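Data first, discussion second: the structure below is written as structure tokens.
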Amino acid sequence: MEEFSLMTILAVFEEMFGRVLFWAMVLVAVAITVAYIYVLVRDRTMSMRKFLLAQLSMPVGGVAAVWFVMAMTNSSFADIGGPIDWIVLLGVFVAGAIGFAILVYVVQSLVRGKATEA
Amino acid sequence: MILDTVTPNRRGFLGLAGAGGAALALGAGAAQAQKVRTSARILILGAGAGGAAIANRLADRLDGAEITVLDGKQEHWYQPGFTLVAAGLRPASYATSSITGWLPRGITFVNEYAAELDPEANRVITTGGQRIDYDYLIVSTGLTLDWDAVEGFDLSMVGPETGISAHYASPELAEKSWHALDKFTDEGGVGLFGRPATEMKCAGAPVKICFLGEDIATTKGNRSKCDFIYNAQAQNLFGVPVIHHRVRQIMDERDITYRYQHVLKGIDLGAKTATYTTPEGEVSDNWDFINVIPPQRAPQVIRDSGLAWADRWVDQGWIEVDMQTLRHARYSNVFGIGDINGVPKGKTAASVKFHLPVVEDHLVSEIAGREGTRMYDGYTSCPLITRVGRAMLVEFDYQDNLTPSFPGLIAPLEELWISWLMKEVALKATYNAMLRGRA
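So the protein sequences, as listed, match chains A and B.
In terms of the numbering used here, the first sequence opens at residue -12 and continues consecutively.
In terms of the numbering used here, the second sequence opens at residue 21 and continues consecutively.
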């Protein structure tokens, strides 16, 4: 492939999901990240109780991400052919796990609020 | 013509492209400043992958140019998707879109074909009788599938009733071809595959559909009922030696029979036989399924125009362009993009992607009073699908060198899931971005 650039990558993702869906997904991701920073600043500390639940939910997010990729493509685990495939699969799992953990932490913080912290 | 002998280096482009991205990020003002003012009349023959993409690129680079795109089709076909359609993985609509949706604003689209092309007079007459004079001509007509050259064959025969597949013909016929393959892999029998003796678009596609058929039969549990026979036109299964050996190895592993120097001459639907010309004479084989891919040639209007090579590919008519600049050897105001080019490698969308910046550079530079410097090194690529869920990302150049885009990460001759994902998920998006002039 020739001419990789941020603009090219954005163009490809826009084509992949459609411009509206892609930027909607980017906005959702940004919103969750901003909310995460907001609750950290608001609470001035990381709640270990919320963090524990967030960590426990990580496998759920990871498995869901892997399932999503497998379901949306004509793929199965039998197709994993080399080290790069394992790395991609692991990357999908880790991305799903971290994303979901942040989401779980943010949702707990916003729903329960600072007061629930003992 | 003096040209810098710069070999395109993909990694070298990273910095360049990054700089380009930064310039774009500065806003429309910066991009606008790079536009070249001109009143040149540029005619683009064909609105396929090459034609649509170069129209978008030139519309971005030139200010005041009179750009005309000539194409009689209504639909744009995403041809790299035909294999997925023919394997039942996508519907025909996956590969179909409106041709005008890909063209930029501010150009003229004439929904007719060229009927006459006179490069001496810089003039084209359309099938509707319209005369179009040009200063620069970009030939991106694609090629013609010569179905009539296969004796006894007609496109109306394609489908499950006959067991005939012709997935190169159109998205609809690729879908019908899937129903034929589906039936064959249910019921079993002899399946014949192969490729024509002419140059052809995506030389990997005949191999892919054979591999996919074998994989589908295996998944259905019917592999023992099916025989797969691949007929190569030459003394190899792929023109690039290292890829030939890998394909042969996979065919051996999967018990696919292969025969060299077997070129399909004709079929007999009643007798369900196919005739092949071989060095030892003609041979006939019975089939229950046959994938027909016909000889491929330049459109007649191009062959009649005087743009074709006089002493090479004389039965096919590819245009005589410089293999590095893609500028016509005899008419310096004529360029070629894509399948129509008479160069030794690459009638693929990936080749188009690499033709585009070269033609754009030489054309825009000339208009700006400079000389273009970019060179095409013959790069082409093919996600060579080996089964549903796996592919080999083979990339190579004029010298038959492997030119992996991701050296050390994605092994070109390894059957990988990531290469399949590229084909299934990323390729169409990249292709579409290319059409819009953004990739």
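Glycine included, every Cβ here is placed at the ideal spot set by N, Cα and C.
Just so we're clear, the structure is a prediction, and the values are computed from it rather than from any experiment.
| Item | Value |
| --- | --- |
| B:K292 versus B:S304, B:V283, B:L137 and B:V170, residue with shortest Cα-Cα distance | B:S304 |
| CB-CB length for B:L201 against B:G233, believed under 8 Å | 5 Å |
| Contact the segment 416 to 427 of chain B vs the segment 72 to 90 of chain B: 3+ CB pairs below 8 Å | no |
| Proximal residues, the segment 397 to 410 of chain B versus chain A, C-beta separation under 7 Å | V408, G409 and R410 |
| A:F38, DSSP secondary structure in three states | helix |
| Secondary structure of B:A134, DSSP reduced to three states | strand |
| Per-residue burial, A:S62 [other beta carbons within 10 Å of its own, 16 or more giving buried] | buried |
| Residue-chain proximity (B:W122, chain A), Cβ-Cβ < 8 Å | no |
| Uninterrupted alpha helix (DSSP H) stretches inside the segment 98 to 165 of chain B (no shorter than 4 residues) | 102 to 106 |
| Residue ranges of each alpha helix (DSSP H) within the segment 275 to 355 of chain B, 4 or longer | 320 to 323 |
| Contact between the segment 203 to 210 of chain B and the segment 334 to 342 of chain B (3+ Cβ pairs under 8 Å) | no |
| For B:E434 and B:M412, believed in contact at Cβ under 8 Å, the rounded distance | 6 Å |
| Stretch pair the segment 144 to 160 of chain B + the segment 60 to 67 of chain B: three plus CB contacts closer than 8 Å | yes |
| Nonlocal neighbours in the same chain, by C-beta distance under 7 Å from A:K106, ignoring five residues either side | The displayed coordinates of chain A run from -12 to 105. Any statement about residue 106 of chain A would go beyond what the structure contains. |
| Contacting positions in the segment 425 to 439 of chain B - beta carbon closer than 8 Å to chain A | S425, L429, I430, A431, E434, E435, L436, W437 and I438 |
| Buried versus exposed, by CB contacts within 10 Å (16 or more), B:S176 | exposed |
| Enclosing beta strand (DSSP E) for B:M412 [first to last residue] | R410 to F416 |
| Boundaries of the alpha helix (DSSP H) in which B:R456 is found, first to last residue | Neither: B:R456 is in no alpha helix (DSSP H) and is coded neither H nor E. |
| Beta-bridge pairing of B:E86 - partner residues as DSSP gives them | B:R61 |
| Coarse secondary structure for B:F248, derived from DSSP in three states | strand |
| Cutoff 8 Å: B:R458 Cβ touching any chain A Cβ | yes |
| Assigned secondary structure, B:V210 (DSSP; H/G/I helix, E/B strand, else coil) | strand |
| Proximity below 8 Å, CB of A:V79 to CB of B:A446 | no |
| Residue-level contact to chain B via CB, A:I89, 8 Å cutoff | no |
| Chain-order list of residues whose beta-carbon lies under 7 Å from that of B:A186 (same chain, five-residue window excluded) | L175, V178, L193, S197 and V312 |
| Cβ-based burial, B:I184 [other Cβ within 10 Å; buried from 16] | buried |
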